[in-house]
Every structure is written in C-alpha cells, then in structure tokens.
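4 protein chains.
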Amino acid sequence: MHESVIRELREFASEREWEQFHTPENLAKSISIEAAELLECFQWGTTDMDAAEEELADVLTYCLFMSDRLGLDPDAIVRAKLEKTREKYPIEKARGRSDKYDRL
Amino acid sequence: MHESVIRELREFASEREWEQFHTPENLAKSISIEAAELLECFQWGTTDMDAAEEELADVLTYCLFMSDRLGLDPDAIVRAKLEKTREKYPIEKARGRSDKYDRL
Amino acid sequence: MHESVIRELREFASEREWEQFHTPENLAKSISIEAAELLECFQWGTTDMDAAEEELADVLTYCLFMSDRLGLDPDAIVRAKLEKTREKYPIEKARGRSDKYDRL
Amino acid sequence: MHESVIRELREFASEREWEQFHTPENLAKSISIEAAELLECFQWGTTDMDAAEEELADVLTYCLFMSDRLGLDPDAIVRAKLEKTREKYPIEKARGRSDKYDRL
Numbered sequence: 006m007h008e009s010v011i012r013e014l015r016e017f018a019s020e021r022e023w024e025q026f027h028t029p030e031n032l033a034k035s036i037s038i039e040a041a042e043l044l045e046c047f048q049w050g051t052t053d054m055d056a057a058e059e060e061l062a063d064v065l066t067y068c069l070f071m072s073d074r075l076g077l078d079p080d081a082i083v084r085a086k087l088e089k090t091r092e093k094y095p096i097e098k099a100r101g102r103s104d105k106y107d108r109l
Numbered sequence: 006m007h008e009s010v011i012r013e014l015r016e017f018a019s020e021r022e023w024e025q026f027h028t029p030e031n032l033a034k035s036i037s038i039e040a041a042e043l044l045e046c047f048q049w050g051t052t053d054m055d056a057a058e059e060e061l062a063d064v065l066t067y068c069l070f071m072s073d074r075l076g077l078d079p080d081a082i083v084r085a086k087l088e089k090t091r092e093k094y095p096i097e098k099a100r101g102r103s104d105k106y107d108r109l
Numbered sequence: 006m007h008e009s010v011i012r013e014l015r016e017f018a019s020e021r022e023w024e025q026f027h028t029p030e031n032l033a034k035s036i037s038i039e040a041a042e043l044l045e046c047f048q049w050g051t052t053d054m055d056a057a058e059e060e061l062a063d064v065l066t067y068c069l070f071m072s073d074r075l076g077l078d079p080d081a082i083v084r085a086k087l088e089k090t091r092e093k094y095p096i097e098k099a100r101g102r103s104d105k106y107d108r109l
Numbered sequence: 006m007h008e009s010v011i012r013e014l015r016e017f018a019s020e021r022e023w024e025q026f027h028t029p030e031n032l033a034k035s036i037s038i039e040a041a042e043l044l045e046c047f048q049w050g051t052t053d054m055d056a057a058e059e060e061l062a063d064v065l066t067y068c069l070f071m072s073d074r075l076g077l078d079p080d081a082i083v084r085a086k087l088e089k090t091r092e093k094y095p096i097e098k099a100r101g102r103s104d105k106y107d108r109l
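Residue numbers (the numbering used here), protein chains in the order written: chain A, 6 to 109; chain B, 6 to 109; chain C, 6 to 109; chain D, 6 to 109.
Written out as structure tokens, the structure is:
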C-alpha cells in the first residue's frame, strides 16, 4: 500500500484515541468479523457487489492497522509469502488444480 | 499497494491457471478462511507472532486478488471507506470509545 | 442436545484441566475458527463431505461448551430464537425468498 | 439435540420454501457468518452477553440445519469426534496445556 494511506489510517485512529483498542488480538478478531460481512454478500448465492466493495475495504483497513501495529510492511509480507507459495505449488504440478499442496 | 505486487500476484495465478478458481465468491470464502487462521494465532490468549505475520499475509493476498478481480484499487477503496467512517464517528463523540456508532 | 453429551464434554475438559481456557471469549474465537475449517471443505466449489462432518462436529462441540459455560440450554435458546425469527419472516412474505427481512 | 427441535426447524424452513437455499455450502457460509456475529460480541474486549446468547443460538440453528441436511445426528457426530479428540490429547500429556497436539 502507499505509505500515505497508512498515515491517514494512523491519524484517524490517533485523533479518536483508538490505538488503545487496536491490540493485535482485537485486530485479528476484527479482520474475521469484517471477512464474514464480506462473505455475507455471497451468502445465498446472489451477490450485492456494492456492499462487497465496502466490506472488502473494511477487511483491508483492519489488515493495514494490524500490519502497522506489528511493524510490518504489507507489500513486503505479501511478497515474502508469495515466494514461499511459489515453491509449495510448482507450476507443473499445480496447473489447473485447486487441490491442497499435499494432494498435488 | 504498489502495482508491482498486484502484477506478481496476477502472474502467479496465471502461470498456474488458477484464475478459474478465483471467482468473487471463492475469494470471499478464502478471505474468511485465512482470517480464521490468523485468529487461531490468538485462540487461547497466547500468541505465535511469526505465524500471525504469515497468516496476515494470506488474508492480504486474497484481498488483493479480490480487489483485482473486481477491478478495484485497494488504496482507493480503503480511502473512500475511511472518509465515510470519519463522518460516522466524529472525533468529539468517538474519542476513547469503542461503542458502535449507534451508541455514541 | 441430550444432557449426557454435555456431561461427557464437561468430563473431557475437566480431566484435562481445560476449563481455565474455556472463557466465553476464547470459545467465541474457537467457534469462528472451526466454522472456517468447515467452510474450507467448500472453498473451491468441490466438497470433502467426510471432512465436513468432522468440522461440523467441532463447531457444535464448541457451541455446547459455550452454552454450558453461559448456563444456557442449547435446545431452549434455539427454540427462543426460532420464535423470534418466525415473527420477523412471516410465511406469506418470506416464501421462496432469501432476502434479508428489511427487503421483504 | 432433541428430535422435536429438529422437527420445528424443518417445519420453519419448509413453510417458507427455504430448503432450496439450504445447500451444504450455503449453510457452511451461514455458520461462519453467524460465528463472526457471535465473535463481534467480544470484539473490543467488552461483552454484550444478551446479544451473545442470541448469536450462539444462530450458530447452533445453522449447525442443526446442516446436520439435518447431511443426514447426520448432531449428538452422534459430537460424540464420535470427542472419542477421537480423547485419543489425540491423552489426559497425562494434555493436562493444563492449550498447545496443539503436535506440540504436546
């Protein structure tokens, strides 16, 4: 993410004195809660795409609060994990399959 | 996020022919599943921070796949939602309180 | 649930001195975590039904631990909620529709 | 659960012609969604216990719809899983510890 978004989020929380609530555990709960609200947009097979956009933003927002709280760079951890996943799912074995790696 | 991360994610999925699995609904399920794995790092009150970093990366990764699939800019939707949240939680009313806005 | 199942669960936790971990909050987290493992059986559109049965059992187990911890009778709270839901979704309005009640 | 609760749930869904929406996958999503609403009662460290009771009832309700849909007896699957868990976590090794079994 661009650093300026992180700064805006920090300022938002700071102005409201909300950093006290942003423990890693509370943020982990919040990410799960917002993820479920996103899932709710797809609950019965139909979809409300405008609502989905907003809920996705909520999940992302809490993820950014959490990476900031843990002193992590969101781009860097995504890249580091992608590197690991590339090795776990080599192109030849994984092509066109959604199996878990232990069934490839 | 920086555009280059998005490009790497696209390439990763494309090489494995995984775009077919990345429907908005499947991605919404995946975000919830990874969010719960992150929560599991805090399940019994203790924390495994290294595991948390990796699970947070997984949640972010699926969020980026989803925003890309929906044609959205992750920074932009976070900012747009922040603007709404600022209005819902005015500084004076929200300071130091974790209540939902309807109880402020 | 039959009382004998609740008794077995209590005994299981007590023998392992696990009641100390079974705070309402930890149980709420555990229910979300297990629910996501159940969801994972349906992640990519295919299903592993044997795994689903076991994950469903895990969700139920933590729900029973929680109702027991809160001094609630699981049958009774399901019935009480059903009564409320019946009123919220009158048969004539709700028939064949999956809309949320505010869109009926 | 007592069979009469299951019967009431069946009747509730049937009257509203909602069985069509109760696919195993939709129910799995619904269980995750309701589990997150339960978790929300504990989001910021404070708790709304009345709300928690009702959300727990919602999780249980969808679990019962799902076990019924899969032709499973909820008591029986809880018992079967408990038997497995007893073996995975022998009393002597597990006493007073919340580690995952692979770290016992």
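By construction, the Cβ of each residue, glycine as well, lies at the ideal position given by its N, Cα and C atoms.
Less than 7 Å between CB atoms is the rule here; does residue i satisfy it with respect to chain D?
| i | result |
| --- | --- |
| B:Ser72 | no |
Just to make sure I have the definition right: I need the residues of chain C whose C-beta is within less than 9 Å of the C-beta of residue i. Which are they?
| i | result |
| --- | --- |
| A:Ser103 | Gln48, Trp49, Gly50 and Thr51 |
Against chain C, with Cβ distances strictly below 7 Å, would residue i count as a contact?
| i | result |
| --- | --- |
| A:Ser37 | yes |
Residues of chain C with CB closer than 8 Å to the CB of residue i, please, in chain order.
| i | result |
| --- | --- |
| D:Arg108 | Going along chain C, no residue has its Cβ under 8 Å from D:Arg108, so there is no contact; the nearest lies around 15 Å. |
Can you find a CB in chain B that lies within less than 7 Å of the CB of residue i?
| i | result |
| --- | --- |
| A:Lys98 | no |
Could you check whether the Cβ of residue i sits closer than 7 Å to any Cβ belonging to chain A?
| i | result |
| --- | --- |
| B:Leu32 | no |
Over the uninterrupted alpha helix (DSSP H) stretch that includes residue i, give me the two end residues.
| i | result |
| --- | --- |
| C:Lys98 | Ile96 to Ala99 |
For a contact defined as C-beta to C-beta under 7 Å, what are the partners of residue i on chain A?
| i | result |
| --- | --- |
| B:Lys93 | Result: empty, since nearest Cβ-Cβ is about 11 Å, beyond 7 Å. |
| D:Ala3 | The structure shown does not extend to residue 3 of chain D, since chain D is modelled only from 6 through 109, so no value can be given for it. |
| D:Glu45 | Ile38 |
Check whether chain F comes within 7 Å of residue i, counting only Cβ atoms and requiring the distance to be less than that.
| i | result |
| --- | --- |
| A:Thr51 | Among the protein chains in the structure shown, which are A, B, C and D, there is no chain F. |
(request) With 9 Å as the limit, tell me which residues of the segment 10 to 26 of chain D have their beta carbon closer than that to any beta carbon of chain C; keep them in chain order. (result) Val10, Glu13, Leu14, Phe17, Glu20, Arg21, Glu22, Trp23, Gln25 and Phe26
(request) Would you list, in sequence order, the uninterrupted alpha helix (DSSP H) runs of no fewer than 4 residues that lie entirely inside the segment 19 to 50 of chain A? (result) 29 to 45
(message) Beta carbons nearer than 8 Å to chain D: which residues of the segment 54 to 78 of chain C have them?
(response) Met54, Ala57, Glu58, Glu59, Leu61, Ala62, Asp63, Val64, Leu65, Thr66, Cys68, Leu69, Met71, Ser72, Leu75 and Leu77
(request) Jot down the residue ranges of each uninterrupted beta strand (DSSP E) in the segment 44 to 93 of chain D, minimum 3 residues, whole runs only, in chain order. (result) none
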